[in-house]
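As structure tokens, the structure follows; a few thoughts come after it.
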């Protein structure tokens, strides 16, 4: 059993993601992040950089927007009159809303601007167009179960 990161193994990592000087996400204080290597569970650029890392190894990885959350899509904006928002939603810059996309899956939008009773919604991922800096450490590597392999992602068994 090789203790190196390779395709179709379940990898657990501790990570910190910084964008600019700001920590955006981190596994600190939580369980390590588990994913199936090679299945696209995590960002492409990070997955590729992690190949062949060993347990206990740490690495700093910089991921370009193209291999992260994509470039900013100038089409992914929509103007909506402020009176069309539900009453419980604060219509102000920075508010994040969950909407359903065409596939019926939840998507997050942010209000980027409010002017003349029109709110500008930004459908881009908050990290679109940004360079992502990951600090990762491989915590464990294991074989996936047949079910995990078939489904292409990690299954967590929660006790009730």
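Residue numbers (our numbering): 1 to 160.
Beta carbons are placed, not taken as given, at the ideal position from N, Cα and C, and that holds for glycine.
Item	Value
What residue from 13, 34, 64 has the CA that sits closest to residue 152's CA?	34
Tell me the DSSP secondary structure of residue 97 in three-state form.	strand
Would you please state the rounded distance, in angstroms, between the beta carbons of residue 43 and residue 141? I believe it to be under 8 Å.	Not confirmed; about 19 Å, so no contact.
If contacts are defined as beta-carbon pairs under 8 Å, then residue 119 and residue 80 qualify, I think. What distance do you get, rounded to the angstrom?	5 Å
Would you call the stretch 5-24 in contact with the stretch 133-149, where contact means no fewer than 3 C-beta pairs closer than 8 Å?	yes
Let me check understanding here. Comparing Cα to Cα, which of 52, 21, 46, 76 lies closest to residue 5?	52
Rounded to the nearest angstrom, what separates residue 46 and residue 39 at their Cα positions?	12 Å
Can you grab the Cα-Cα spacing for the pair residue 104 / residue 14, in whole Å?	32 Å
Would you mind sorting residue 159 into buried or exposed? The rule is 16 or more other CB atoms within 10 Å of its CB.	At residue 159 the pLDDT is 49, less than 50, meaning the model places this residue with poor confidence and gives no usable figure here.
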